[in-house]
Amino acid sequence: MSQPSPIDPPDHGPAAPAGCPVSAVAAESDPPFAPDLRIGSSSTTPYEDYVQAGVLTHLQQPLSDDPGEMVFLVTTQVMELWFTVIVHEWRTAAEALRRDDLPVAMDALRRSAYELEALNAAWKPLARLTPAQFNAYRSALGDGSGFQSAMYRRMEFLLGEKSASMLVPHRGSPREHAELSKALQEPSLWDEVLRMLARRGWAVPEAVLERDPAVRYEPDPAVEAVWAEIYAGSQESELVRLGEALTDVGELVLRWRNDHLIATWRAMGAKMGTGGSAGVAWLEKRARKNVFPELWTARSHV
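Residue 8 in UniProt numbering sits at position 8 of the sequence shown, and the numbers go up by one each step.
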């Protein structure tokens, strides 16, 4: 049997058929490094089944001919998905605090900070809209407005911004109305933080601990004093680390509100907002509200 000459080219398998990329032949002849393309050949792929990508990528139904509407629609849907994740994280943190599991609560808060950064970055595709560009598809929104988002409202409720009147727009949607009604009555994330501090012996007033959780939280000087004392102590304490994790969340929520305000101001000025809101005037009022207020004011007393 003849032996290959030292100068013979090595055998790399069959040559690529005419018109077929070499990479495709390599994938077929090199299974250890190639994906199994047979998966999903008779049905949907496991990826589709798990991610529901086919559902997500076919949810968009633009109502105008303006190409910018697709950007607005997808960006808004992405924001809704981030709201959903963040609500999940804050509920996880609240439940962990309820059982005094600070490590689990901290992990959820830290994750939510990264998620808030991603949420805030979602403003970038919309942040440079001129009034004419926004007007090209604004009528497609009709009476729609961001304040009607049920998942965003659940975020606000978890931050202690409770308001029974915010359930009214959801009367026609039984599931959303029921979920919001339940969230309205539940303690906020901040309520759970203060209850945990009280269980550890900190002087949180009974009036704060026993307040109606369905009512908007109002700052309390005694709570401010508790946080001032915590921050005056060891900077390595787990409560200082908790305070900083919550402050990170609060700062990013304030940035979200301010980015919303600026994007709206650039796109429509001081005109009336969609859905009958006051537009920029409404957003300016929201942007001035602190999240976890005593964490911020206590710093003046350390």
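Glycine included, each C-beta is placed from N, C-alpha and C at the ideal position.
- In this structure Ala298 is in contact with Glu224, their Cβ atoms being roughly 5 Å apart against a cut-off of 8 Å.
- In this structure, DSSP gives Thr92 a helical state, which the three-state scheme calls helix.
- If you check the CB distance, Leu81 and Gln60 do not come in under 9 Å.
- Distance from the Cα of Glu89 is smallest, within the candidate group Ser43, Leu126, Ala108, for Ala108.
- Assigned with DSSP and collapsed to three states, Asn120 falls in helix.
- Relative to the Cα of Met196, the nearest Cα in the group Val71, Glu48, Thr44, Ala94 belongs to Ala94.
- Looking from the CA of Gly142, the closest CA among Met155, Tyr114, Pro62, Glu161 belongs to Pro62.
- Put simply, of Glu218, Val291, Ala222, Arg257 the residue whose alpha carbon is nearest the alpha carbon of Ala122 is Arg257.
- In this structure Leu167 is not in contact with Leu159, their Cβ atoms being roughly 17 Å apart against a cut-off of 8 Å.
- Of all alpha-carbon atoms in Ala245, Leu283, Gly243, Arg128, the one lying nearest the alpha-carbon of Gly68 is that of Arg128.
- Inside the stretch 190-217, DSSP marks whole alpha helix (DSSP H) runs of 4 or more residues at positions 206-209, from first to last along the chain.
- Apart from sequence neighbours up to five positions away, the residues of its chain that approach Ile39 with a beta-carbon distance below 7 Å are Thr45, Pro46, ordered along the chain.
- Under the three-state reduction of DSSP, His177 is assigned to helix.
- When secondary structure is reduced to three states using DSSP, Leu37 falls in the coil class, being assigned neither helix nor strand.
- A distance below 7 Å between beta-carbons, with the five flanking residues on each side excluded, links Pro293 to the following residues of its chain, in chain order: Pro219.
- With a beta-carbon spacing of about 34 Å, Tyr114 and Ser64 fall beyond the 8 Å limit used to define contacts.
- Straight through space, the alpha carbons of Met106 and Leu242 are spaced by roughly 7 Å.
- Secondary structure at Ala263: helix, using DSSP grouped into helix, strand and coil.
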